[in-house]
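Asks:
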Amino acid sequence: MFTTDAAENNHLTVMPVICVGLGGTGRDVLVRIRQNIIEEFGSLAELPIISFVQIDTDRGGPIPSYRGQSIEFTPAEEVHIRVSLNEVNEFKQNYERRKKNTYVQNPDDHILEWFPDQLIRNLSAIEQGAGAVRAVGRFALFKNYNQVVTALNLAHGRVAGANTSALIARGIEVMPGLRVFVAGSLCGGTGSGMFLDIGYILRRLFAATVPNFETYGYFVVSPDLYGGNDVVKANCYAALKELDYYTRKGTIFDAQYPGERRLEESRSPYDYTYLMSNATPGGTFIIPPTDANAKGKITNTIAQKICLFLSSSATAAAAISARDNLRAIDATEEYDRHPRPNRQRYMTTGLASIYFPQDKINLLAGNQIKIQVLQFWKNGLGQAPSNSQMQQFYTSQFDWGTDDLGQLLKQRLEKVPVQGGTVSSNLEGWRNSQYSQIGAAQSRGQQDMLKTQFPQNAMALLNYVRPADNSKERGVWLTPIVEQTSDVTNDIKARSVER
Numbered sequence: 009m010f011t012t013d014a015a016e017n018n019h020l021t022v023m024p025v026i027c028v029g030l031g032g033t034g035r036d037v038l039v040r041i042r043q044n045i046i047e048e049f050g051s052l053a054e055l056p057i058i059s060f061v062q063i064d065t066d067r068g069g070p071i072p073s074y075r076g077q078s079i080e081f082t083p084a085e086e087v088h089i090r091v092s093l094n095e096v097n098e099f100k101q102n103y104e105r106r107k108k109n110t111y112v113q114n115p116d117d118h119i120l121e122w123f124p125d126q127l128i129r130n131l132s133a134i135e136q137g138a139g140a141v142r143a144v145g146r147f148a149l150f151k152n153y154n155q156v157v158t159a160l161n162l163a164h165g166r167v168a169g170a171n172t173s174a175l176i177a178r179g180i181e182v183m184p185g186l187r188v189f190v191a192g193s194l195c196g197g198t199g200s201g202m203f204l205d206i207g208y209i210l211r212r213l214f215a216a217t218v219p220n221f222e223t224y225g226y227f228v229v230s231p232d233l234y235g236g237n238d239v240v241k242a243n244c245y246a247a248l249k250e251l252d253y254y255t256r257k258g259t260i261f262d263a264q265y266p267g268e269r270r271l272e273e274s275r276s277p278y279d280y281t282y283l284m285s286n287a288t289p290g291g292t293f294i295i296p297p298t299d300a301n302a303k304g305k306i307t308n309t310i311a312q313k314i315c316l317f318l319s320s321s322a323t324a325a326a327a328i329s330a331r332d333n334l335r336a337i338d339a340t341e342e343y344d345r346h347p348r349p350n351r352q353r354y355m356t357t358g359l360a361s362i363y364f365p366q367d368k369i370n371l372l373a374g375n376q377i378k379i380q381v382l383q384f385w386k387n388g389l390g391q392a393p394s395n396s397q398m399q400q401f402y403t404s405q406f407d408w409g410t411d412d413l414g415q416l417l418k419q420r421l422e423k424v425p426v427q428g429g430t431v432s433s434n435l436e437g438w439r440n441s442q443y444s445q446i447g448a449a450q451s452r453g454q455q456d457m458l459k460t461q462f463p464q465n466a467m468a469l470l471n472y473v474r475p476a477d478n479s480k481e482r483g484v485w486l487t488p489i490v491e492q493t494s495d496v497t498n499d500i501k502a503r504s505v506e507r
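Last residue of the sequence shown: 507 (our numbering), numbering continuous.
1) Evaluate GLU4 with the Cβ neighbour count: other Cβ atoms within 10 Å of its Cβ, from every protein chain shown; 16 or more gives buried, anything less gives exposed.
2) Could you check what DSSP says for ASP66 in three-state terms: helix, strand or coil?
3) Could you tell me how far apart the beta carbons of HIS118 and TYR265 are, in whole angstroms, since I believe they sit closer than 8 angstroms?
4) How long is the line joining the alpha carbons of GLN380 and ASN387, rounded to whole angstroms?
5) Checking 9 angstroms against the spacing of the C-beta atoms, do VAL190 and THR217 come in under that value?
6) Should ASP407 go down as buried or exposed, given a rule of 16 or more other Cβ atoms within 10 Å for buried?
7) Write down every uninterrupted run of the alpha helix (DSSP H) in the region 195-224 whose length is 4 residues or greater and which is fully enclosed by it, in chain order.
8) Would you decide whether SER361 is buried or exposed? Buried here means 16 or more other CB atoms lie within 10 Å of its CB.
9) Taking DSSP as the reference, what is the three-state secondary structure of ASP407?
10) Could you check where the alpha helix (DSSP H) with GLY236 kicks off and where it finishes?
11) Checking the sheet assignment: what are the DSSP bridge partners for CYS27?
12) When we look at the beta-carbon of ASN284 and count the other beta-carbons within 10 Å, is it buried (16 or more) or exposed?
13) Note down, in chain order, each residue of its chain lying with its Cβ closer than 8 angstroms to the Cβ of VAL167, except the 5 sequence neighbours on either side.
14) Would you kindly report the start and end of the unbroken beta strand (DSSP E) that includes LEU271?
15) Taking the alpha helix (DSSP H) that PHE150 belongs to, which residues open and close that run?
16) With C-beta atoms as the reference, is TYR226 less than 9 angstroms away from LYS313?
17) If the criterion is Cβ atoms closer than 9 angstroms, does the pair VAL229 and LEU204 meet it?
18) Where DSSP assigns a beta bridge to TYR74, which residues make up the other side?
19) Thinking C-beta only, is GLY196 closer than 9 angstroms to ALA140?
20) Around the C-beta of TYR278, are 16 or more other C-beta atoms found within 10 angstroms, so that it is buried, or is it exposed?
21) By how many angstroms is the C-alpha of GLU104 removed from the C-alpha of ASP13?
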């Protein structure tokens, strides 16, 4: 996304981006990124160099609109990797054929070579999630491989061919290349089952043909946020073991995807991997699992981290600096000094920024106004402009210091006709009307109705008596006075000279 070019004095540049969500956690991250884009740019269309691909075994529910705009995924952005009951039964039949004769070519050989035998019997249609089983999530990916590859290629096509004239007009330089951010959880079945494959599929699709290609993985490793049972703990542990294995030098990731030549890759699945947790290594909870919105907070952290590249060149530079430091450490000291040496290729992140929650502040400000209006009525009508206040306002404009001139101006202004009366009589009539309504409100329902009606009446009164320099904004009761002020002033001055 946005980067900092020090040679250009913090010149703002942008690189095409694909955000990939795996499972429900990835979906939540992508939704929050889309919300942040609307906050920063006004609409998703204003940032055409970012595209989305949501991959899930569960279709998920509708996504509420945000600030009046739809943020639902389009059909091209969403891949529901479902497997029908017929496909599952056919897979079971192919499994039985393979057991009888392993030398006969089987259309599901590329899956059966790794799918656990003990899961075959109870395998059923995959429509609403992977049931927290990693192998089932990977199975669904293999069965929908072509749809996933098509969605990723289309996503790249959208950003590569995007009309960037609006960004250039803002002074933002569009750089060649592609960054892919993959987000999900390693605790469930969908994300944990396919996150390695997605990383290697992305390498196969773009690494050889797209310049400056980089992949970033953001994965939640907090089983407590997903029930904390043995299954999700085992999923997370197994996923981390596999990630660590394929990140080590000398290992080969080997997979046969349908319709493709066999993939053998010695590189790590992602260039940069962030492991996200709700607790410190010492066991201190930053986000307690008892927090009802714990998962929402950690997915928001991931989304905000990704969006830092969109909101500030300085923070993007800091993130890139941390990334480059990791690369330098890995180049000079490949393994740490643990008794069982580990690759130093993982990072984590948190948020330390001031966030302006506009919607909450608007709500708070609205409530404060309501309180002030109620306080206004509780304390009476002393805030309405009185005759003496009006006199002081207008006499101060002409720096008249004598009581006689001020009194004369007051008398003259009080007689200026305004909508069938004078300002003083109109204010008095308005005041009496309000007290009449208060006196007539006997029941609780009528009194509650006044709480709603009185703020509206106060706003209406403000339209009559609002001071302003121009007639468009000035209250209509004050306009005749202002229009006659010059003539009245000249007349008073002339009479003063005569005296």
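Glycine is no exception: its CB is placed at the ideal position from the N, C-alpha and C atoms.
Replies: Once the coordinates are examined:
1) With the chain covering 9 to 507 only, the question about residue 4 has no answer from this structure.
2) For the purposes of this step, residue 66 is taken as the residue at position 58 of the sequence shown. Correct three-state label for ASP66: strand.
3) Residue numbering aside, residue 118 sits at position 110 when the sequence shown is read from its first letter. Residue numbering aside, residue 265 sits at position 257 when the sequence shown is read from its first letter. Yes, they are in contact, since the Cβ atoms of HIS118 and TYR265 sit about 7 angstroms apart, within 8 angstroms.
4) The residue given as residue 380 occupies position 372 in the sequence shown. The residue given as residue 387 occupies position 379 in the sequence shown. GLN380 and ASN387: Cα-Cα distance of roughly 10 angstroms.
5) For the purposes of this step, residue 190 is identified with residue 182 of the sequence shown, where counting begins at 1. For the purposes of this step, residue 217 is identified with residue 209 of the sequence shown, where counting begins at 1. Not closer than 9 angstroms, so no.
6) Numbered from its first residue, the sequence shown carries residue 407 at position 399. Caution applies to ASP407, whose pLDDT of 47 falls short of 50 and renders its modelled position unreliable; the model cannot decide the point.
7) 198-210
8) Numbered from its first residue, the sequence shown carries residue 361 at position 353. With a pLDDT of 49 at SER361, under the threshold of 50, the predicted position of this residue should be treated as unreliable, though the coordinate-derived value follows. Exposed, since its Cβ has fewer than 16 Cβ neighbours within 10 Å.
9) Position 399 of the sequence shown, counting from 1, holds the residue named residue 407. Note on ASP407: pLDDT 47, under 50, position unreliable in the model; the coordinate value appears next. Coil, per DSSP.
10) Indexing the sequence shown from 1 puts residue 236 at position 228. Where GLY236 is concerned, there is no enclosing alpha helix (DSSP H), given that its DSSP letter is neither H nor E.
11) Counting from one through the sequence shown, the residue named residue 27 turns up at place 19. Looking at the DSSP assignment, CYS27 forms a beta bridge with PHE60 and PHE189.
12) Mapped onto the sequence shown, residue 284 falls at position 276. The sequence given here places Met at residue 284; Asn does not occur at that position. MET284 comes out buried.
13) Locating residue 167 in the sequence shown gives position 159, counting from the first residue. Here the set comprises PRO24, VAL25, ILE26, PRO56, ILE57, ILE58, SER59 and LEU186.
14) As a first step, residue 271 is located in the sequence shown; it is residue number 263 there, counting from the start. Unbroken beta strand (DSSP E) run through LEU271: 271-273.
15) For the purposes of this step, residue 150 is identified with residue 142 of the sequence shown, where counting begins at 1. Its alpha helix (DSSP H) spans residues 142-151.
16) Here the question's residue 226 lines up with position 218 in the sequence shown. Here the question's residue 313 lines up with position 305 in the sequence shown. Their beta carbons are under 9 angstroms apart, which means TYR226 touches LYS313 by this criterion.
17) Here residue 229 is taken as the residue at index 221 of the sequence shown, counted from 1. Here residue 204 is taken as the residue at index 196 of the sequence shown, counted from 1. The answer is no: Cβ separation not under 9 angstroms.
18) Here the question's residue 74 lines up with position 66 in the sequence shown. Bridge partners of TYR74: GLN77.
19) By one-based count along the sequence shown, residue 140 stands at place 132. By one-based count along the sequence shown, residue 196 stands at place 188. In contact: ALA140 and GLY196 (Cβ atoms closer than 9 angstroms).
20) The residue labelled residue 278 in the question sits at position 270 within the sequence shown. TYR278 should be labelled buried.
21) Residue numbering aside, residue 13 sits at position 5 when the sequence shown is read from its first letter. Residue numbering aside, residue 104 sits at position 96 when the sequence shown is read from its first letter. Interpretation of ASP13 is limited by its pLDDT of 42, a score under 50 that renders its predicted location unreliable; the figure taken from the coordinates is listed afterwards. Answer to the nearest angstrom: the Cα atoms are 59 angstroms apart.
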